[in-house]
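Enquirer: The structure's right below; bear with me while I get my questions together.
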Amino acid sequence: MPRGPKPKPTVADAARSHRATDTDRAAPPEVQADPRAVEAWDATLAALDAVGLFHRADRAIVARYAVLTGHYHACLVDLRETGPFMETKTGYRAPSPAATNLLKLADKLGAIEAALGLTPRSRANMKVQPTQFNEEYDEMLRKYCIPAPNGRRPVRSYGA
Numbered sequence: 000m001p002r003g004p005k006p007k008p009t010v011a012d013a014a015r016s017h018r019a020t021d022t023d024r025a026a027p028p029e030v031q032a033d034p035r036a037v038e039a040w041d042a043t044l045a046a047l048d049a050v051g052l053f054h055r056a057d058r059a060i061v062a063r064y065a066v067l068t069g070h071y072h073a074c075l076v077d078l079r080e081t082g083p084f085m086e087t088k089t090g091y092r093a094p095s096p097a098a099t100n101l102l103k104l105a106d107k108l109g110a111i112e113a114a115l116g117l118t119p120r121s122r123a124n125m126k127v128q129p130t131q132f133n134e135e136y137d138e139m140l141r142k143y144c145i146p147a148p149n150g151r152r153p154v155r156s157y158g159a
């Protein structure tokens with residue numbers, strides 16, 4: 000068990016406290032250009048919504064993930080057609096550009112998946128609030144409760 004007081008919420012925690020609206024679900028233009036990217040966008044949003052982790056602040060990284068997923072599939076198609084190796088001008092075998100790009104994209108996609116909590120290991124390390132409160136409840140808490148100085152549960156003020 001860690002020692003010391005509980006860590007205080009950060010700006011990122013505050014940004015994650017309010018859910019995105021339905022208008023934020025539309026794929027951005029850079030994602031709409033590739034059908035594979037649109038599929039990845041929809042699948043990623045569904046996965047993040049299932050656990051309540053999609054927020055406005057995540058739109059850019061989800062868009063980047065979707066676009067890179069489209070590039071990854073394009074590299075896979077090219078790799079199947081040309082093979083993993085090519086012959087250089089001097090007669091040596093070298094990895095094809097598609098194979099090199101595929102490996103680089105796999106690393107980037109893995110890092111983004113971990114950041115978004117799409118892997119079991121990253122979900123185990125995330126500290127997710129068990130419930131998301133609506134705005135009316137948050138307003139009621141701000142009006143009738145005084146936040147405790149230690150950052151724990153609010154203290155009831157009774158008439159403040």
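Following numbering that gives the first Met the number 0, the numbering of the sequence shown begins with 0 at its first residue and continues without gaps.
Don't be surprised by glycine CBs; every beta carbon is placed ideally from N, CA and C.
Taking the alpha carbon of P27 as the reference point, which residue from A113, D57, G51 has its own alpha carbon closest?
Expert: Within the sequence shown, the letter at position 28 stands for residue 27. The option with the nearest alpha carbon to P27 is D57.
Enquirer: Thinking C-alpha only, which one of A32, P6, K5, R24 is nearest L67?
Expert: Taking the first residue of the sequence shown as 1, we reach residue 67 at position 68. Ranking the options by Cα distance to L67, first place goes to A32.
Enquirer: Pull up the distance between the alpha-carbon of N100 and that of A49, whole angstroms please.
Expert: The sequence position of residue 100 within the sequence shown is 101, counting from 1. The sequence position of residue 49 within the sequence shown is 50, counting from 1. About 31 Å.
Enquirer: Count the other C-beta atoms from every protein chain shown that fall within 10 angstroms of the C-beta of Y64, then say buried if there are 16 or more, exposed otherwise.
Expert: By one-based count along the sequence shown, residue 64 stands at place 65. Answer is buried; the Cβ neighbour count reaches 16.
Enquirer: Using CA atoms only, rank isn't needed, just tell me which of A25, A93, R2, A62 is closest to E112.
Expert: Position 113 of the sequence shown, counted from the first residue, corresponds to residue 112. The option with the nearest alpha carbon to E112 is A62.
Enquirer: With DSSP as the reference, please indicate the residues paired to M85 in a beta bridge.
Expert: In the sequence shown, counting from the first residue as 1, residue 85 sits at position 86. DSSP, once it has assigned bridges, lists A93 as partnering M85.
Enquirer: Classify G109 as helix, strand or coil using the three-state DSSP reduction.
Expert: Translated into positions along the sequence shown, residue 109 becomes position 110. G109 falls in the helix class under three-state DSSP.
Enquirer: Measuring CA to CA, which of I60, P6, E38, P4 is closest to A110?
Expert: Locating residue 110 in the sequence shown gives position 111, counting from the first residue. It is I60.
Enquirer: Between which two residues does the alpha helix (DSSP H) harbouring D41 extend?
Expert: On the sequence shown, residue 41 is found 42 positions in, with the first residue counted as 1. Its alpha helix (DSSP H) spans residues 34 to 49.
Enquirer: In chain order, what residues of the same chain have a beta carbon less than 7 Å from the beta carbon of R122, not counting five sequence neighbours either side?
Expert: Here the question's residue 122 lines up with position 123 in the sequence shown. The residues are G116.
Enquirer: In this structure, how does DSSP classify L52 when only helix, strand and coil are distinguished?
Expert: Taking the first residue of the sequence shown as position 1, residue 52 is located at position 53. Of the three classes helix, strand and coil, the one that applies to L52 here is coil, per DSSP.
Enquirer: In the structure shown, what three-state DSSP assignment does P6 receive?
Expert: Working through the sequence shown from its first residue, we reach residue 6 at position 7. When secondary structure is reduced to three states using DSSP, P6 falls in the coil class, being assigned neither helix nor strand.
Enquirer: I need the DSSP call for A25, collapsed to helix, strand or coil.
Expert: Counted from its first residue, the sequence shown places residue 25 at position 26. In the structure shown, A25 sits in coil (DSSP, three-state: anything other than H, G, I, E or B).
Enquirer: Consult DSSP for T118 and reduce its assignment to one of helix, strand or coil.
Expert: Within the sequence shown, residue 118 is the residue found at index 119, counting from 1. In this structure, T118 counts as coil in the three-state DSSP scheme.
Enquirer: Should the segment 71 to 78 be regarded as contacting the segment 87 to 105, the criterion being three or more beta carbon pairs within less than 8 Å?
Expert: yes
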